[in-house]
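Beneath this line is the structure, given in structure tokens, with notes to follow.
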Amino acid sequence: MSRQILLTGVTGALGPNLLAELLGEDQDNRIIAVCRPQGRRATVNESLKAAVQQINPAAEFDRLQIVGGDITKFNLGLSGADVQWLGGVTQVIHAAADTRFTQTAGDGQCTNVCGTQNVIALARKLRNLQRFVHVSTTCVAGQQTGRIPETLALPPPVFVNQYEKSKWLAEQVIAKSCLPWTIARISTCIGSSNGFVNRYGAIHKMVQLIERGLVPMIPAATNATVDLISTDDAAQAISKVVKHNVTGILQICAGSRALEIGQLISTVVQSLRQHSSPWQSGQLEPPLIVDREVYQQFESAAKKSANRIYAEVMKSLESFLPVLHYPKTYQNQRVKQIVDAEFPTCSIQQSIDRVIQRGSKNNWKTIPNEEQEFVHA
Amino acid sequence: MIRENVQQVGISGVATQIGSCTVSLKQLACDGRLSSEPGILREFGFENAHLFRDASDGREMAKKAAEKAIQDAGLKPGEIDVLIWASARPESHIMNQDAFKDTDFMSSFRYCSGWLQNELELSGAEVMATAQQGCASMFAAARVACNMIVSEPHVRNVLCVGFDMLPPGSSREILYNVISDAACAIVLSTDCEKDNWLGYHQISKGFYWDPVASKEEIVAAYFPTSKRLIEQLLEQSDLTADQIDYVIPTGVNRNSWDILLELLQIPVERLYEAGPKFGHTIVADNFVYLERLRQDPKIPDGANMLLFTYGFGSSWCGIMLKH
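Going down the list, the protein sequences come from chains A and B.
So for the first sequence, numbering that gives the first Met the number 0 puts the first residue at 0; every next one is plus one.
So for the second sequence, numbering that gives the first Met the number 0 puts the first residue at 0; every next one is plus one.
This is how it looks when you write it as structure tokens:
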């Protein structure tokens with residue numbers, strides 16, 4: 000069946016994988032990607048194309064059109080004519096978001112809440128719309144602990160940061176939209192199974208700091224888990240959501256197969272010892288897993304020292320505290336049914352190893368950043 | 000012939016001398032000799048810096064510490080079989096601290112060890128030195144001393160002398176620690192009845208050889224490596240953390256000891272830090288506390304004591320003693 004898919008967030012951490020999956024999955028898919036207009040205009044956004052080719056070297060782009068737009072604007076900043084032209088869109092995948100844990104309430108409201116409202120408003124004008132897939136995050140569970148169901152989190156949990164809150168608010172907006180909505184909550188994407196990462200996030204920053212031997216300790220209960228999946232798995236699952244017109248809320252995550260913090264550190268260290276020259280000397284020590292009290296003592300001393308590098312390490316560690324202080328397991332029954340297999344399908348350990356191998360080799364650069372290019376519809 | 004039992008070796012004498020010129024943190028800050036705010040350093044457990052007047056004063060203090068340690072061991076100078084000089088700074092190994100600048104390089108061979116042997120009339124002593132161990136220099140000397148006593152039957156008493164001072168007018172802060180000048184001396188003897196040697200362990204990591212370039216990396220490596228070192232030392236000594244009665248610390252950042260003890264699950268009450276604070280004296284810290292502990296009537300015989308330090312270079316070292 001022919002689909003015309005409007006995709007936001009194509010330049011984000013998940014975007015190129017999603018694009019590669021949608022283009023490769025079905026020859027009838029036509030993709031209209033909305034991305035913020037920056038720099039030189041051309042037929043194809045070369046940097047996006049390069050990123051997609053890192054995932055699928057044989058990717059063809061004749062069924063892709065890139066439209067300059069901005070979700071923080073009414074009609075995404077598109078002209079009336081452009082909106083008319085979008086009339087054939089059958090699915091919307093809204094993956095654009097401000098994913099910084101350090102965002103302010105204003106940032107979160109602007110991009111994640113108002114941005115979602117703007118995409119909804121545009122979607123209401125799409126007369127052929129069959130499915131609106133909102134890409135959310137498992138972080139909306141906030142400080143809840145235990146088993147997290149695949150339902151709307153009501154009443155709102157206590158949130159650790161504005162990112163969590165703004166994404167929760169966005170889910171509420173979606174649920175009240177009267178559109179044929181689906182909410183796909185994604186856990187942390189470590190990278191593609193071949194090691195490619197389009198945009199490094201907090202987890203990668205942490206790995207880099209560990210590689211440099213700058214992380215002495217990580218605060219966590221020893222049985223705390225970190226839910227990671229490969230970006231391929233996330234993209235594949237969303238693509239199947241679109242294909243099978245899946246409704247409601249689903250959590251695209253490792254669930255009960257999430258790594259315990261000790262396993263994660265040992266996977267990272269094992270990989271660094273194989274691929275990173277400082278670690279090959281055998282002289283760097285893995286970070287210790289410590290309780291909150293010990294960490295707070297270290298944090299307090301580090302903060303007093305006013306050392307710039309310790310501040311960077313602390314900031315990076317802080318982004319993990321919610322995961323580690325509020326242990327939880329996400330239900331992921333629905334994604335298993337959709338992919339008709341155990342999920343995640345890719346080995347997390349293997350994906351971590353490849354991401355580290357590639358990152359360490361390329362000095363943690365993704366692909367050379369080229370000037371953004373876009374075309375108007 | 001090798002002596003059968005290392006536990007026959009013990010510390011028979013200890014003496015230390017801390018710089019007599021006391022300078023407040025405020026004064027040091029006014030003189031531009033601190034990098035951090037005095038208030039922050041106070042929170043890290045520092046009160047003052049204690050300085051020697053000059054290098055000559057420092058060496059005299061080393062001599063005085065050595066004399067007192069021999070006395071404490073109940074020995075006569077002639078009974079010392081080996082003298083080991085142990086200083087962290089290269090300049091502290093030679094009599095003329097400016098020797099490295101001299102074009103007449105002969106002056107750089109004016110070793111403190113020979114001078115001290117001559118001054119104290121240690122006529123029967125063989126002389127050597129340990130170097131390049133930073134704050135762990137005295138630990139290295141004690142280790143060499145213990146192994147010599149065990150493996151060379153003619154060696155019964157070894158005197159280890161450490162002395163370090165920073166140049167006059169120099170910065171007094173290293174890695175958030177306020178540095179004092181001090182000298183220390185210990186005598187290790189066979190058939191010793193107190194502070195017997197239970198074990199020694201060292202982890203050296205050349206990856207951190209450059210403290211100028213790797214300051215933050217060293218701080219980050221400090222806790223994981225310290226924890227591993229102490230756990231390995233406990234295992235070698237057939238002890239558990241719970242069986243440590245006293246941890247004899249260095250004078251570095253007090254917070255770091257709280258963290259380390261938490262990591263090892265040793266109650267903080269077991270940290271022995273009696274007496275006035277003296278800052279971080281490079282090689283002498285643990286022995287200042289050990290000297291105080293030996294004079295403390297509350298300490299029961301048979302107490303297990305852990306001495307731990309880190310030295311630039313980089314080496315993490317621990318000694319286990321039974322009181």
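Virtual Cβ for every residue (Gly too), placed ideally from N, Cα, C.
No experiment lies behind these values; they were computed from the predicted model shown.
(message) When you compare the CB of B/N254 with every CB in chain A, is at least one pair closer than 7 Å?
(response) Residue numbering aside, residue 254 of chain B sits at position 255 when the second sequence is read from its first letter. It does: the Cβ of B/N254 has a partner Cβ on chain A nearer than 7 Å.
(request) Could you spell out where the alpha helix (DSSP H) holding B/H279 opens and where it closes? (result) On the second sequence, residue 279 of chain B is found 280 positions in, with the first residue counted as 1. Segment: none, B/H279 is in no alpha helix (DSSP H) and carries neither H nor E.
(message) For a test of the three-state rule: what should DSSP assign to B/Q116, helix, strand or coil?
(response) Against the second sequence, residue 116 of chain B aligns to sequence position 117. Residue state, collapsed to three classes: helix.
(message) Quick check on the DSSP output: the beta strand (DSSP E) that includes B/G161 runs from which residue to which?
(response) One-based indexing of the second sequence puts residue 161 of chain B at position 162. From DSSP, the beta strand (DSSP E) with B/G161 extends over N156 to D163.
(message) Assuming contact is defined by CB atoms lying nearer than 7 Å, are B/F286 and B/C183 in contact in what I supplied?
(response) Within the second sequence, the letter at position 287 stands for residue 286 of chain B. Within the second sequence, the letter at position 184 stands for residue 183 of chain B. The answer is yes: Cβ separation under 7 Å.
(message) Checking the sheet assignment: what are the DSSP bridge partners for A/H93?
(response) As a first step, residue 93 of chain A must be located in the first sequence, where it is residue number 94. Looking at the DSSP assignment, A/H93 forms a beta bridge with A/T7 and A/H133.
(message) Suppose you measure from the CA of A/F100 to the CA of B/A144; what does that come to, to the nearest Å?
(response) As a position in the first sequence, residue 100 of chain A is number 101, starting the count at 1. As a position in the second sequence, residue 144 of chain B is number 145, starting the count at 1. Rounded to whole angstroms, A/F100 to B/A144 spans 55 Å at the Cα level.
(request) Please decide whether B/S39 counts as near chain A, where near means a Cβ-Cβ distance under 7 Å. (result) Within the second sequence, residue 39 of chain B is the residue found at index 40, counting from 1. Reading off the sequence shown, one finds Ile at residue 39 of chain B, where the question assumed Ser. At least one chain A Cβ lies under 7 Å of B/I39.
(request) Check whether the Cβ atoms of A/W167 and A/V139 sit closer than 7 Å, and answer yes or no. (result) Here residue 167 of chain A refers to the residue found at position 168 of the first sequence. Here residue 139 of chain A refers to the residue found at position 140 of the first sequence. Against a cut-off of 7 Å, the Cβ pair of A/V139 and A/W167 comes out as a contact.
(message) Considering only the alpha carbon of each residue, which of A/V322, A/E45 and A/K242 lies closest to A/T89?
(response) One-based indexing of the first sequence puts residue 89 of chain A at position 90. Among A/V322, A/E45 and A/K242, the Cα nearest to that of A/T89 is on A/K242.
(message) With a threshold of 7 Å between beta-carbons, can A/T60 be considered close to chain B, or not?
(response) On the first sequence, position 61 is the one that residue 60 of chain A refers to. The question names Thr, yet the displayed sequence has Phe at residue 60 of chain A. Chain B contact via Cβ: absent.
(request) Whole angstroms is fine: what's the gap from A/L377's alpha carbon to A/P286's? (result) With chain A represented from 0 up to 376, any question about residue 377 of chain A goes unanswered, as that position is not in the structure.
(message) Starting from A/I65, trace the beta strand (DSSP E) in both directions and tell me its first and last residue.
(response) Your numbering for residue 65 of chain A matches position 66 in the first sequence. Where A/I65 is concerned, the enclosing beta strand (DSSP E) stretches over L63 to G67.
(message) Give me the chain B residues within the contact set of A/N306, using Cβ-Cβ distance strictly less than 9 Å, ordered along the chain.
(response) Sequence index remark: in the first sequence, residue 306 of chain A carries index 307 (1-based). Those within 9 Å of A/N306 in chain B are Y175, K214, E215 and V218.
(request) Report the neighbours of A/M216 on chain B: residues whose CB is nearer than 7 Å to its CB, in chain order. (result) Locating residue 216 of chain A in the first sequence gives position 217, counting from the first residue. Within 7 Å Cβ-Cβ: F222.
(request) Starting from B/I265, find everything on chain A with Cβ-Cβ shorter than 9 Å and list it in chain order. (result) If you number the second sequence from 1, residue 265 of chain B lands on position 266. Those do not exist, as B/I265 stays about 13 Å from chain A at its closest Cβ, beyond 9 Å.
(request) For A/I269, I'd like the list of residues in its chain whose CB is within less than 8 Å of its CB, leaving aside the five on either flank, ordered along the chain. (result) Indexing the first sequence from 1 puts residue 269 of chain A at position 270. Per the sequence presented here, residue 269 of chain A reads as Gln, with Ile not at that position. Excluding positions up to five away in sequence, the list reads D352.
(message) For A/F131, tell me which candidate among A/G141, A/V118 and A/P326 has the shortest Cα-Cα distance.
(response) Indexing the first sequence from 1 puts residue 131 of chain A at position 132. Nearest of A/G141, A/V118 and A/P326 to A/F131, Cα basis: A/V118.
(request) Taking only the alpha-carbon atoms, compute the straight-line gap between B/V13 and A/A220 and give it to the nearest angstrom. (result) Position 14 of the second sequence, counted from the start, is the residue given in the question as residue 13 of chain B. Position 221 of the first sequence, counted from the start, is the residue given in the question as residue 220 of chain A. Rounded to the nearest angstrom, the two C-alpha atoms are 44 Å apart.
(message) Here's a check: name, in chain order, each residue in its chain whose Cβ is nearer than 7 Å to the Cβ of B/Q16, leaving out the five neighbours to either side.
(response) To locate residue 16 of chain B, count along the second sequence from 1; it is residue 17. Once the five neighbours on either side are set aside, the close Cβ partners of B/Q16 are M60, K63, A64, A181 and A182.
(message) If you measure between the beta carbons of A/T137 and A/Y329, is that distance less than 7 Å?
(response) Reading the first sequence from its first residue, position 138 is the one you call residue 137 of chain A. Reading the first sequence from its first residue, position 330 is the one you call residue 329 of chain A. Contact: yes.
(request) Would you give the residue range spanned by the beta strand (DSSP E) that B/Q16 belongs to? (result) If you number the second sequence from 1, residue 16 of chain B lands on position 17. Start and end: G9 to I17.
(request) Report the option in A/K360, A/I30, A/A257 and A/K314 whose CA atom is closest to the CA atom of A/K204. (result) Here residue 204 of chain A refers to the residue found at position 205 when the first sequence is read from its first residue. The shortest C-alpha separation from A/K204 is found at A/K314.
(request) Mind reading off the beta-carbon distance from B/A85 to B/A128? Whole number of angstroms is fine, and I expect it under 8 Å. (result) The residue given as residue 85 of chain B occupies position 86 in the second sequence. The residue given as residue 128 of chain B occupies position 129 in the second sequence. About 7 Å separates the two Cβ atoms, so the contact holds.
(request) Report yes or no: do the region 250-269 of chain A and the region 336-350 of chain A share at least 3 C-beta pairs separated by less than 8 Å? (result) yes
(request) Please check if any C-beta of chain B sits within less than 7 Å of the C-beta of A/G11. (result) To locate residue 11 of chain A, count along the first sequence from 1; it is residue 12. No - not a single Cβ of chain B is within 7 Å of the one on A/G11.
(request) Evaluate B/L165 with the Cβ neighbour count: other Cβ atoms within 10 Å of its Cβ, from every protein chain shown; 16 or more gives buried, anything less gives exposed. (result) On the second sequence, residue 165 of chain B is found 166 positions in, with the first residue counted as 1. Buried.
(message) In this structure, how does DSSP classify B/S188 when only helix, strand and coil are distinguished?
(response) As a first step, residue 188 of chain B must be located in the second sequence, where it is residue number 189. In the structure shown, B/S188 sits in a strand (DSSP, three-state: E or B).
(request) List the residues of chain B that A/F212 touches, going by C-beta distances under 7 Å, in chain order. (result) For this step, residue 212 of chain A is matched to residue 213 along the first sequence. Residue 212 of chain A is actually Gly in this sequence, not Phe. Per Cβ cutoff of 7 Å: E216, A219 and A220.
(message) Can you check whether the C-beta of A/F297 is within less than 7 Å of a C-beta belonging to chain B?
(response) Numbered from 1 along the first sequence, position 298 holds the residue referred to as residue 297 of chain A. Yes - at least one Cβ of chain B is within 7 Å of the one on A/F297.
(message) For chain A, check one thing: does any of its Cβ atoms lie closer than 7 Å to the Cβ of B/N303?
(response) Indexing the second sequence from 1 puts residue 303 of chain B at position 304. So no, B/N303 is outside the interface.
(message) Between which two residues does the beta strand (DSSP E) holding B/Q201 run?
(response) Sequence index remark: in the second sequence, residue 201 of chain B carries index 202 (1-based). Where B/Q201 is concerned, the enclosing beta strand (DSSP E) stretches over N195 to S203.
(message) Could you check whether the Cβ of B/D257 sits closer than 7 Å to any Cβ belonging to chain A?
(response) The residue you call residue 257 of chain B lines up with position 258 of the second sequence. Answer yes: the Cβ-Cβ gap between B/D257 and chain A drops below 7 Å somewhere.
(message) For the region 26-45 of chain B against the region 72-81 of chain B, do three or more pairs of beta-carbon atoms, one drawn from each stretch, fall closer than 8 Å, so that the two count as touching?
(response) no
(request) For A/V206, count neighbouring Cβ atoms within 10 angstroms of its own Cβ and tell me buried if that reaches 16, exposed if not. (result) As a first step, residue 206 of chain A must be located in the first sequence, where it is residue number 207. Burial call: buried.
(message) Just verifying my parser: in three-state terms, what is the DSSP assignment at A/H274?
(response) In the first sequence, counting from the first residue as 1, residue 274 of chain A sits at position 275. If DSSP states are grouped into helix, strand and coil, A/H274 belongs with the helices.
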